[in-house]
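Q: Just dropping this structure here.
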Amino acid sequence: MAFEYIQGQSLMHRLDPRTKVLFFALVTVLIVVVYDPIIMLGLLGVIVLMYRLSGIPLSKLWGITKALLPVFIMFLVLNYFVIPPRGATVYFYLLPGIAPVTIETTLVGITSALRFVLFIWLSRLLTFTTSISEILIAMVKMKSPPEIATSLGIAFSSVPLMINQFSTVIQAQKSRGSQIEVRNPIKKGISFIPVVVPGIYLTILRGMNVARTVEARAFTYNPKKRTFRKMIRFGGEDYAFLAVSSLLTAVIVAIRILYGWFDYTFILRDVLKLI
Amino acid sequence: MASRNPVISCRDLRYTYPGTTQPALNGINLEVERGEIVLITGATGAGKTTLCSTFNGLIPHFYGGRIEGQVKVLGLDVKDTSAGYLSTKVGMLFQDPSSQLISATVEDEVAFGPENLGIPVEEIDKRTNSVLAYMELSELRDRPPFALSGGQQQAVGLASVIAMKPEILVLDEPTSNLDPIGTLNIFALLRKISREEENTIIIVEHKLQELVDIADRIVVIEGGKIALEGPPREILAEEAVLLHERGLQPPQVSLLAHRLRAAGIPIERIPLNVRESLEVLSKPLQALRGASTASPDGGSQPRRVTGEPIIEVENVSFQYPTGVLAVRDVSVKFYKEDFVGIIGQNGSGKTTLVKLLNGLLKPTKGNVKVFGLNSRESPIHDLIRHVGYVFQDPDSQLFSKTVYQELSFGLKNLRVPREQWESRINSVAKMLLIDSLLKEAPYSLSRGDRQRVAIASVLVMDPQVVVVDEPTTGQDPRKRREIMELMKVLHEKHGKTIIFITHDMDLVAEYAKRCIVMKDGRIVLDGVPHEVFLHYDELEGTHLKPPMITLLFKELATRYNVRRDILTVDEALDYLKSNLVS
C-alpha cells in the first residue's frame with residue numbers, strides 16, 4: 001500500500017515531518033545537479049543505508065524496486081529517441097534510422113532511470129517512517145485549516161475499509177458467475193461494471209456516514225480550538241540533520257557550478273577515452 | 001410521564017424527510033428525566049432512529065427536511081441549537097458499527113471526540129486509557145478499527161461515545177452484531193455507567209427480554225407515533241401478546257404464560273424471566289410431578305438427515321494471507337435434505353467455512369468436494385451452479401437498471417440460452433414475491449425488497465444448495481421471520497438445501513433441522529437443534545445461549561418429570577397443554 005507506515009524509533013522516525021519535507025527538497029536539488037550515473041549509484045547506496053538504519057526490511061525495498069523495473073527500462077529506451085548523438089560515435093540504431101545508441105545517450109538514460117528510482121525510494125522511505133497523523137499535524141502547524149487535515153486523515157483511514165468492501169463486491173459477483181479474471185482488456189473493462197457500480201454506491205454511502213459521524217462527535221463544535229493529541233516538535237536532531245544535509249547539498253551544487261563536475265562522464269571519462 | 005425538569009422533551013413532534021411526503025414522526029410526545037434509562041422499540045421504519053436523530057440535532061440540521069412541534073434537550077430547542085454543540089451533550093452511537101469508525105487506530109478513534117471538545121491533552125489521554133480499560137479494549141489500541149470483528153467494532157464505537165462524557169447517551173441497536181453473552185455484557189456496562197455517572201441513556205433495541213431489569217421505561221413506536229409506554233414489567237408482561245402480534249419479541253416465558261392462560265391453565269401472574277416462571281408454573285405443574293406421560297426423548301422433533309452427501313469437507317484448514325487461521329481441520333458433510341443453521345461467536349470461522357463451499361475460497365489444506373467436484377480443481381464458475389451464495393448486504397452486489405436485468409446477470413454469466421431467461425426469471429420472482437417489481441430500479445426499493453432481489457439473483461441460477469450469510473442481522477423480528485419463512489418454502493416446496501448463518505438462537509431453534517456450532521475455526525457441536533441446545537455448558541463456552549424457553553425447561557426438568565428439549569414457545573405450549581389439561 002502506498003501509505004504503509006512501519007513503526008520504529010530510528011532517527012528518520014523521530015524527525016519532524018517538516019524536516020523530512022525539506023530533506024526531500026534538498027535531495028531533489030541533488031538529483032537535478034548530478035548527472036554522473038556512478039555518483040547517482042552512490043546516492044542510491046546512501047538511501048539503502050538509511051533504510052537499514054530506519055529498521056525497514058530490505059525486502060520492502062526489493063518489492064518496490066521490482067515494480068519499478070519496467071519503468072526503468074522505459075526511461076532507458078526512451079532516451080535514445082529524444083537525445084541527439086551530437087557527433088558521438090553511433091554504435092547502432094534501435095529502429096532503422098532513428099534512436100541512435102551512443103555511449104553518451106546510454107549514460108544519460110541510465111542516470112535518468114536511476115534518478116527516477118532514487119526519487120521513489122526516497123519518497124517511500126519518508127512514508128514508511130512518517131505516520132499519517134504526523135503529516136496531518138504538520139499541515140495544521142503549517143497553517144492549513146484543521147478541517148482539511150482531519151478530512152484527509154479520515155479519507156486515508158477509510159482506504160482499507162473501502163478495499164474490504166470492494167473485495168466483498170467482487171466475491172458477491174463471482175458468486176453470480178461474473179468472470180473478472182478474463183485476459184481480454186475490453187471484456188475485462190465490461191466485467192468490472194458490476195463491481196464499479198456497487199462500489200461507487202458504497203463509497204457515497206461511506207461519505208454520508210462519515211459526515212454524520214463527524215457531526216455527532218462534535219467536530220463542528222469548535223474546530224479552531226480543537227485539541228490535537230499528538231504534537232510534533234522541531235528539535236535539536238532536526239536542526240542538526242538539516243544543517244548537515246543542506247551543507248552537503250550546497251557544497252555539491254557549488255562544485256557543480258564552479259568546476260562543472262558531475263556531468264555524465266565525470267568518473268568514466270578516462271575509461272571511455274581508452275575505448 | 002410528567003416531570004418538572006426533563007432532560008429531553010418532545011411536544012407534538014412531527015418530521016418529514018426531504019424528498020418524501022409521508023411523515024417519519026407523526027406527533028410524538030415524550031419526556032425523559034435525568035438518569036433515566038429508556039428503551040425504545042418498534043418495527044423497522046417505525047421512526048426509532050429518526051426520533052433519536054432529533055436529540056443531537058442531526059435532524060433537522062444535518063438531514064434537512066421539515067420539522068414541526070418542539071424538541072428540547074437540556075432546555076435548548078434543537079431547532080435553534082447547532083448539531084455541533086448538541087453533540088457535546090448528547091453522545092450518539094449509530095446502528096452499523098463499521099460506518100462510524102473513521103480513525104486509523106482504536107486509540108485515535110476513542111480520542112477523536114474528546115479532541116473535538118478542545119480539552120487538554122493530559123485529560124484526553126486519561127479518558128482514553130480509562131475507557132479502553134473499562135471496555136476491555138486496551139490490547140487492541142494500536143489496531144486499525146476496520147480489521148476488528150463486528151462485535152469489537154461495536155465496542156469501539158461505544159467507547160468513543162462514552163469518552164466524550166456526554167450527559168445523554170443515545171444508542172441505536174448497540175448489540176446488533178454481538179453474540180448473546182457479549183450482549184449481556186454491554187447491557188451490564190450500561191447499567192453501571194448510568195449508576196456511576198448519572199447519565200441519561202436511551203437505547204433502541206429489539207432484544208427486549210435482556211433489558212427487562214435494566215430499563216426504567218419502555219416506549220413502543222409504531223408508524224411515527226408512540227403506541228405503548230410504561231415500565232418494562234408492565235408492558236412486556238401484560239402486553240406480550242400484543243407485542244408479539246406487532247412483530248416484536250417479548251420474553252418467551254411471558255408469551256408462554258399468556259398462551260397457557262388462554263388455554264385455561266391457571267396462571268396467577270405473567271412472569272418476565274426464568275426464575276419468575278418457575279414460581280408461576282409451580283402450581284399447575286404440581287399435578288405433573290412424578291406422573292408425567294411425557295417421554296424424555298420427545299417424539300415430533302426432526303431426526304438427523306442422512307443419505308448420500310452432496311458436499312464433503314475433508315480435514316479442511318484455511319489460512320488468510322494475513323496469517324489468520326480461520327478454519328482448522330474441519331470435516332463435515334452436507335446432505336440434500338439439510339436445513340442447517342451455523343452459529344458461533346464473531347470470528348469463529350462461520351463465514352470462511354461457507355465461502356469454502358462454493359469455491360470463493362480454496363482450502364489451504366484438505367479437500368472440499370461439491371457434487372463430486374473438487375473445489376481446488378474446478379473453477380468457481382462450475383461450483384456456483386450447485387451452491388448459490390447470498391451475501392449479507394444486498395448493496396454489495398446490485399448494479400443493474402432494473403430488477404429484471406439484475407436477475408438475468410447470473411443467467412448470462414452461466415450462458416443459459418436466452419429463450420429460457422424469461423420463464424426462469426418470472427418463476428423465481430413469483431417465488432420471492434417480487435414479480436411486480438421486475439421493471440423497478442433495484443436501488444429504489446426498500447431494504448427488505450433489495451434483499452429479496454439479491455436472493456432471487458442467486459436462485460435464478462437454480463443451485464441445489466442456497467447459502468445465506470447472516471440474512472437477519474439488522475432486521476426487526478418480523479422481517480427476520482419473513483426471511484426464514486422464505487427459506488422454509490424454498491426448502492420444503494422447492495427441495496433446496498439451505499445453509500444459513502445467524503446470531504439469532506431463536507431462529508435456529510425454530511427453523512433449522514440441523515445446527516452446527518463453531519468455535520475458533522472448529523466445529524464443536526453438530527446435530528439436530530434439540531440435541532445441540534441441551535449442551536448448555538459447551539454453548540456458554542462459545543459465547544452462545546439457548547433460547548430462554550429452553551433454559552426454563554432445563555430448570556423445570558430438575559424439579560419435575562418433564563422433557564428438557566423444548567426449543568420454542570409453540571412446542572412448550574403444545575407439550576404443557578397436552579400434559580396438563582388431560
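Residue numbers (our numbering), protein chains in the order written: chain A, 1 to 275; chain B, 1 to 582. We treat Cβ as the ideally placed atom computed from N, Cα and C, and that holds for glycine.
Using the C-alpha atoms, what's the distance from LEU136 (chain A) back to ILE154 (chain A)?
A: Each residue's Cα considered, the two are about 11 Å apart.
Q: Anything in chain B within Cβ reach of SER54 (chain A), meaning under 9 Å, just list it in chain order.
A: Result: empty, since nearest Cβ-Cβ is about 19 Å, beyond 9 Å.
Q: Considering only residues of the same chain and omitting the five flanking positions on each side of GLU210 (chain B), which have a CB-CB separation below 7 Å?
A: The answer, listed in chain order, is THR183, LEU184, PHE187.
Q: According to DSSP, is GLY69 (chain B) part of a helix, a strand, or is it coil?
A: GLY69 (chain B): strand per DSSP, three-state reduction.
Q: Roughly how far, in whole angstroms, is the beta-carbon of LEU169 (chain B) from the beta-carbon of LEU208 (chain B), given that I think they are within contact range, below 8 Å?
A: The Cβ separation is near 19 Å, so there is no contact.
Q: Check the Cβ of GLN165 (chain A) against every Cβ in chain B and list those closer than 8 Å, keeping chain order.
A: Within chain B, the residues near GLN165 (chain A) are SER396.
Q: In chain A, which residues lie less than 8 Å from THR88 (chain B) when you measure between Cβ atoms?
A: Neighbours of THR88 (chain B) on chain A, chain order: ALA218, TYR221.
Q: Closer than 8 Å is the cut-off here; do at least three beta carbon pairs connect the stretch 159-178 of chain A with the stretch 191-200 of chain A?
A: Counting Cβ pairs under 8 Å, three or more are found: they touch.
Q: What residue from B:GLN464, B:LYS479, B:ASP506, B:ALA512 has the CA that sits closest to HIS494 (chain B)'s CA?
A: Among B:GLN464, B:LYS479, B:ASP506, B:ALA512, the Cα nearest to that of HIS494 (chain B) belongs to B:GLN464.
Q: Any beta carbon from chain A within less than 8 Å of GLY299 (chain B)'s own beta carbon?
A: At GLY299 (chain B), the pLDDT of 48 sits below 50, so the modelled position is not reliable and the matter cannot be decided from this model.
Q: Would you say PRO57 (chain A) lies against chain B (beta-carbon separation less than 8 Å)?
A: No, because no Cβ of chain B sits closer than 8 Å to the Cβ of PRO57 (chain A).
Q: What does the alpha-carbon distance come out to for the pair SER295 (chain B) and TYR575 (chain B)?
A: Because the pLDDT at SER295 (chain B) is just 48, under 50, the model does not fix this residue reliably, and the point stays unresolved.
Q: Along the stretch 145-166 of chain A, where does the CB come closer than 8 Å to a CB of chain B? Name the residues.
A: So the close ones are GLY153, ILE154, PHE156, SER157, SER158, PRO160, LEU161, ASN164, GLN165.
Q: Give the secondary structure of ILE201 (chain B) by DSSP, where H, G and I count as helix, E and B as strand, and everything else as coil.
A: It is a strand residue.
Q: Say whether the stretch 540-550 of chain B touches the stretch 516-529 of chain B, bearing in mind that this needs 3 or more beta-carbon pairs closer than 8 Å, one atom from each stretch.
A: Short answer: they touch.
Q: Could you have a look at VAL212 (chain B) and say whether DSSP puts it in helix, strand or coil?
A: Note: VAL212 (chain B) maps to coil in three-state DSSP.
Q: Going by the beta-carbon positions, is the gap between TYR35 (chain A) and THR111 (chain A) smaller than 8 Å?
A: A contact, by the Cβ cut-off of 8 Å.
Q: Taking DSSP as the reference, what is the three-state secondary structure of ARG585 (chain B)?
A: The requested residue 585 (chain B) is not part of the displayed model; chain B covers only 1 to 582.
Q: Residues in the stretch 130-143 of chain A with C-beta within 9 Å of chain B's C-beta atoms, listed in sequence order?
A: For the stretch 130-143 of chain A, which is checked against every Cβ of chain B, the residues closer than 9 Å are SER131, ILE132, SER133.
Q: Enumerate in chain order the residues of its own chain whose CB-to-CB distance from LYS141 (chain A) is below 8 Å, with the five nearest sequence positions on each side excluded.
A: Answer for LYS141 (chain A): ARG18, ILE232, listed in chain order.
Q: Is it true that the CB of CYS515 (chain B) sits closer than 8 Å to the CB of GLY366 (chain B)?
A: No, Cβ-Cβ distance for GLY366 (chain B) and CYS515 (chain B) is not below 8 Å.
Q: Is it true that the stretch 59-77 of chain A meets the stretch 111-121 of chain A, where meeting means three or more beta-carbon pairs spaced less than 8 Å apart?
A: Counting Cβ pairs under 8 Å, three or more are found: they touch.
Q: Of the residues that make up the stretch 135-150 of chain B, which ones have a beta carbon closer than 7 Å to any beta carbon in chain A?
A: Listed by position, the residues of the stretch 135-150 of chain B near chain A (Cβ gap below 7 Å) are PRO144, PHE146.
Q: Rounded to whole angstroms, how far is the Cβ of TYR51 (chain A) from the Cβ of SER131 (chain A), which I believe are closer than 8 Å?
A: Not a contact, Cβ separation roughly 18 Å.
Q: Run through DSSP, which three-state label would TYR264 (chain A) get?
A: TYR264 (chain A): coil per DSSP, three-state reduction.
Q: Could you tell me whether any Cβ in chain A is nearer than 8 Å to the Cβ of TYR536 (chain B)?
A: Output row for TYR536 (chain B): interface = no.
Q: What is the C-beta distance between ALA172 (chain A) and GLY84 (chain B), in whole angstroms, given that I count them as a contact (C-beta under 8 Å)?
A: Wrong, their Cβ atoms sit about 38 Å apart, outside the cutoff.
Q: Going by CA-CA distance only, name the one from B:SER408, B:ASN56, B:VAL131 that's closest to SER82 (chain B).
A: Out of B:SER408, B:ASN56, B:VAL131, B:ASN56 has the C-alpha closest to the C-alpha of SER82 (chain B).
Q: What does DSSP give as the partner residues of PHE318 (chain B) in its beta bridges?
A: B:VAL327, per the DSSP bridge assignment.
Q: Is DSSP giving VAL38 (chain B) helix, strand or coil here?
A: The answer is strand: DSSP assigns VAL38 (chain B) an E or B state.
Q: Kindly indicate which residue of A:LEU272, A:LYS187, A:LEU118 has the alpha-carbon position closest to the one of ALA25 (chain A).
A: The residue with the shortest Cα to Cα distance from ALA25 (chain A) is A:LEU118.
Q: Using only the alpha-carbon positions, how far apart do SER400 (chain B) and ARG11 (chain B) sit?
A: Looking at the two C-alpha atoms, the distance is approximately 44 Å.
Q: For chain A, find out if any of its Cβ atoms is closer than 8 Å to the Cβ of VAL121 (chain B); answer yes or no.
A: Interface residue, yes.
Q: For the putative contact between VAL78 (chain B) and THR54 (chain B), defined by C-beta atoms under 8 Å, what is the C-beta separation to the nearest angstrom?
A: 6 Å between Cβ atoms; contact.
Q: Run through the DSSP bridge pairs and tell me what PRO309 (chain B) is partnered with.
A: DSSP lists B:TYR335 as partners of PRO309 (chain B).
Q: Are there three or more Cβ pairs, one per stretch, closer than 8 Å when the stretch 369-381 of chain B is compared with the stretch 424-433 of chain B?
A: These segments do not touch.
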